[in-house]
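Asker: This is the structure, below, for whatever I ask next.
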Amino acid sequence: MNIVLFTLQDKTDNPLEYFLPQNDIRTKHILTILHKKVGDTFTAGIENGRAGIATIINTGTTDTPGLLCEFSPVSDGNPLFPIEMIIGFPRPIQLKRMFRDLASLGISKIHLCGTEFGEKSYLDSKIVERGTAHTLLKEGTIQAKSTHVPELYTYQSVQECLEKLHLLPALENFNSTNLRITLDNINASSSLSTFLHTQNSYTNTSDCIFAAIGSERGWTDKERNLFEKAGFTRCSMGNRVLRTETAATVAATVILENIFNII
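So the sequence shown is numbered by the numbering used here: it starts at -16 and just counts up by one.
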């Protein structure tokens, strides 16, 4: 763990103190990996809140052993970037890697949607239902030494996703600085990098970047038409066919480099 995240469940009656039970994985990390003891400090943060330094006050009581820590906020905890990924449901094993990677890169929201070419059984993945997804996203957040965990949403189809995000029709509240990109190696208007280089008017303070990536077999013509109606520009990342989680990570990296000068 590059940072220990406290949650609301860890909070005590004292607003600055948090308690971690003895059998908590964070407690074990602090004691056995970091080798901390009473009086020592470690890097910590509040989930989806501020980051700072925690000091171990005591190791609890006989009845409730654990670590009582006092938290001192220092920074904003590396906020997420205004990038939202629309992704066709991939295989469950790909989801696991993708959640960690996109969270570590600082993507703000992930929208998983069923696609016409996608395997329908993927929509029933227990990874999302049983909270595993949040755990994986949190692991990526901790890897990046951030406190902010990306939000996750699921949809049955591309059309449902675009409608619920109020991206259809494109004329409603359409803002030309609100970038909308769909990644596709079929009849793309330009490469992703070339397109991003033309977006000098983009301001990263309030505008959002939407980047859509299909499932393993890509988009159908019907789905391409939906994205076109929603004002998305079709871009490519070369003529090689990539796995969904690879394409998502690469696209996010290219956007971060070209728009935010991060990578």
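From the three backbone atoms N, C-alpha and C, an ideal C-beta is built for every residue, glycine too.
Please state if the CB of I90 and the CB of F72 are separated by a distance shorter than 8 Å.
Answerer: For F72 and I90, no; Cβs fall outside 8 Å.
Asker: Taking the runs of the beta strand (DSSP E) that are 3 residues or longer, which of them lie wholly in the stretch 130 to 176?
Answerer: Listed in chain order, the complete beta strand (DSSP E) runs (minimum 3 residues) inside the stretch 130 to 176 are 134 to 138 and 163 to 166.
Asker: How long is the line joining the alpha carbons of E211 and P62, rounded to whole angstroms?
Answerer: One C-alpha to the other measures close to 31 Å.
Asker: Mapping DSSP to helix, strand and coil, what is K20?
Answerer: Coil.
Asker: Leaving aside the five residues before and after E206 along the sequence, list all residues of the same chain whose C-beta is less than 7 Å from its C-beta, in chain order.
Answerer: Cβ neighbours of E206 beyond the five flanking positions: T98, E99 and V141.
Asker: Runs of 3 residues minimum, wholly inside the stretch -2 to 58: which ones carry the beta strand (DSSP E) assignment?
Answerer: Those beta strand (DSSP E) runs which fall completely within the stretch -2 to 58 and span 3+ residues are 0 to 4, 24 to 29, 34 to 43 and 48 to 58.
Asker: Taking the alpha carbon of T45 as the reference point, which residue from G32, V57 and P4 has its own alpha carbon closest?
Answerer: Checking every option, the nearest Cα to that of T45 belongs to P4.
Asker: Between which two residues does the beta strand (DSSP E) carrying R217 extend?
Answerer: Its beta strand (DSSP E) spans residues T216 to S219.
Asker: From this set, N(-3), Y1 and D(-4), which residue's C-alpha is nearest L(-12)'s C-alpha?
Answerer: Nearest of N(-3), Y1 and D(-4) to L(-12), Cα basis: Y1.
Asker: Is the stretch 224 to 238 in contact with the stretch 116 to 132, if contact means three or more CB pairs nearer than 8 Å?
Answerer: These segments do not touch.
Asker: Could you pull out every residue in the same chain whose Cβ sits closer than 8 Å to the Cβ of N170, ignoring the five residues on either side in sequence?
Answerer: Within the same chain, N170 has close Cβ partners R217.
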